[in-house]
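Asks: Numbering-wise, the sequence shown is residues 0 to 257 according to numbering that gives the first Met the number 0.
Note that CB positions come from ideal geometry on N, CA and C, so glycine has one too.
Let me begin by handing over the structure; questions about it come next.
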Amino acid sequence: MEKLQLDNLVAWFDRYVEPFLATDEEGVKNIQLKIGHTRRVCEAMAQLSAGEGLSENESRIAFATALLHDVGRFPQYRRWRTFRDSDSDNHARLAIDVIRDENVLGDIGPAEQLLIEEAVRFHNMLEPPAKIQSPTRLYIDLIRDADKIDIWRVFVELLALPPEERPSAATLGLEELPGTVSDLCIAELNSGAIVHLDSVKCINDFKLLQISWVYDLSFATSRKVLRERGYIMALAATLPERAGIHEAVAKALASLSA
Ligand SMILES: [Fe+2]
0 MEKLQLDNLV AWFDRYVEPF LATDEEGVKN IQLKIGHTRR VCEAMAQLSA GEGLSENESR
60 IAFATALLHD VGRFPQYRRW RTFRDSDSDN HARLAIDVIR DENVLGDIGP AEQLLIEEAV
120 RFHNMLEPPA KIQSPTRLYI DLIRDADKID IWRVFVELLA LPPEERPSAA TLGLEELPGT
180 VSDLCIAELN SGAIVHLDSV KCINDFKLLQ ISWVYDLSFA TSRKVLRERG YIMALAATLP
240 ERAGIHEAVA KALASLSA
């Protein structure tokens with residue numbers, strides 16, 4: 000992939016998202032959240048690419064997956080006014096539709112096109128299919144880590160805002176319920192597993208789910224970036240006191256230094 004091809008993709012993205020901002024105030028907040036998220040995932044991806052010693056070409060392909068991974072969010076929000084896939088449609092599948100309908104990768108070689116599409120397609124799966132081989136696997140793992148690194152940023156920033164100022168779709172319609180945490184979520188985190196979205200009943204549970212993502216990072220650079228950015232500590236600081244939480248969080252933090 001040439002630098003010019005990547006520059007063209009970036010320009011396409013800017014043109015593509017522009018019309019989605021022509022909506023009401025709540026809609027603008029939600030769309031801007033995803034535009035900002037995409038830009039920051041691209042930055043995180045550049046950091047990962049450098050840290051993991053990717054070649055220039057590999058770094059460009061990785062950057063392209065970061066740029067395109069969430070383009071399905073824009074039509075998803077316009078049609079359903081939600082970012083919750085279970086109430087609308089799988090946003091990774093929607094992204095593939097956008098990429099194809101708009102012929103976004105038209106001037107990129109078929110092998111590289113496939114790498115980008117596969118990474119976008121699998122970026123949000125709980126567990127990507129085990130049989131996927133390199134080099135596809137590399138880009139899937141990279142986008143999954145870069146995406147998480149920025150979702151942590153989004154959520155930490157959002158928690159610092161008063162609830163009425165938060166982009167409504169970002170918290171998936173979950174209730175605040177101060178002081179409430181589900182024992183099941185604490186137990187799942189404490190077992191070193193990823194907390195299931197089905198177990199999540201309120202915002203505090205969702206924080207535990209996000210902390211549990213430390214167990215799903217693929218690269219040492221991702222763990223380093225996460226340690227430096229301090230998102231896990233920031234999330235943990237907003238949780239209520241409850242038996243078992245402290246230990247579960249300490250375990251998660253320790254896994255980042257392992
Ligand atoms: Fe994302």
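If I follow the unbroken alpha helix (DSSP H) through proline 109, where does it start and stop?
Replies: 109-121
Asks: CA-CA distance, serine 198 and glutamine 46?
Replies: 33 Å
Asks: Taking the alpha carbon of leucine 252 as the reference point, which residue from Val9, Leu171 and Met232 has its own alpha carbon closest?
Replies: Met232
Asks: My guess is that leucine 104 and proline 134 are in contact by the Cβ rule of under 8 Å, so how many angstroms apart are they, rounded?
Replies: Not confirmed; about 16 Å, so no contact.
Asks: Give me the DSSP bridge partner(s) of cysteine 201.
Replies: Partner(s): Glu174.
Asks: To the nearest angstrom, report how far apart valine 153 and threonine 37 are at their CA atoms.
Replies: 11 Å
Asks: Verify the contact flag: aspartate 88, CB atom, against every heavy atom of ligand 1, threshold strictly below 6 Å.
Replies: Distances taken from the Cβ of aspartate 88 to the heavy atoms of ligand 1 include none shorter than 6 Å.
Asks: Is the Cβ-Cβ distance between alanine 43 and alanine 145 less than 7 Å?
Replies: Result yes, Cβ atoms of alanine 43 and alanine 145 sit closer than 7 Å.
Asks: Assign leucine 125 to one of three DSSP states: helix, strand, or coil.
Replies: coil
Asks: Counting beta carbon pairs with one atom in the segment 122-139 and one in the segment 199-211, are three or more of them shorter than 8 Å?
Replies: no
Asks: Taking the beta carbon of alanine 65 as the centre, do at least 16 other beta carbons fall within 10 Å, making it buried, or is it exposed?
Replies: buried
Asks: If isoleucine 30 sits next to phenylalanine 82, beta carbons under 8 Å apart, how far is it from one beta carbon to the other, in whole angstroms?
Replies: The Cβ separation is near 11 Å, so there is no contact.
Asks: Given 6 Å as the limit, tell me if aspartate 146 has its C-beta closer than that to any heavy atom belonging to ligand 1.
Replies: yes
Asks: If you measure between the beta carbons of valine 70 and alanine 91, is that distance less than 7 Å?
Replies: no
Asks: Under a Cβ-count criterion, where at least 16 other Cβ atoms within 10 Å of its own Cβ denotes burial, should glutamate 175 be classed as buried or exposed?
Replies: Exposed, by the Cβ-count rule.
Asks: Compute every distance between the C-beta of aspartate 69 and the non-hydrogen atoms of ligand 1, then say whether any falls below 6 Å.
Replies: Annotation for aspartate 69 indicates a beta carbon within 6 Å of some heavy atom of ligand 1.
Asks: Would you report the Cα separation of alanine 168 and leucine 225, rounded to the nearest angstrom?
Replies: 24 Å
Asks: Closest to leucine 158 by CA distance: which of Leu141, Pro239 and Thr170 is it?
Replies: Thr170
Asks: Using the C-alpha atoms, what's the distance from aspartate 96 back to arginine 39?
Replies: Rounded to whole angstroms, the gap between the alpha carbons of arginine 39 and aspartate 96 is 23 Å.
Asks: Please classify serine 240: does DSSP put it in a helix, a strand, or coil?
Replies: The residue you asked about is not serine; residue 240 is glutamate in the sequence shown. In this structure, glutamate 240 counts as coil in the three-state DSSP scheme.
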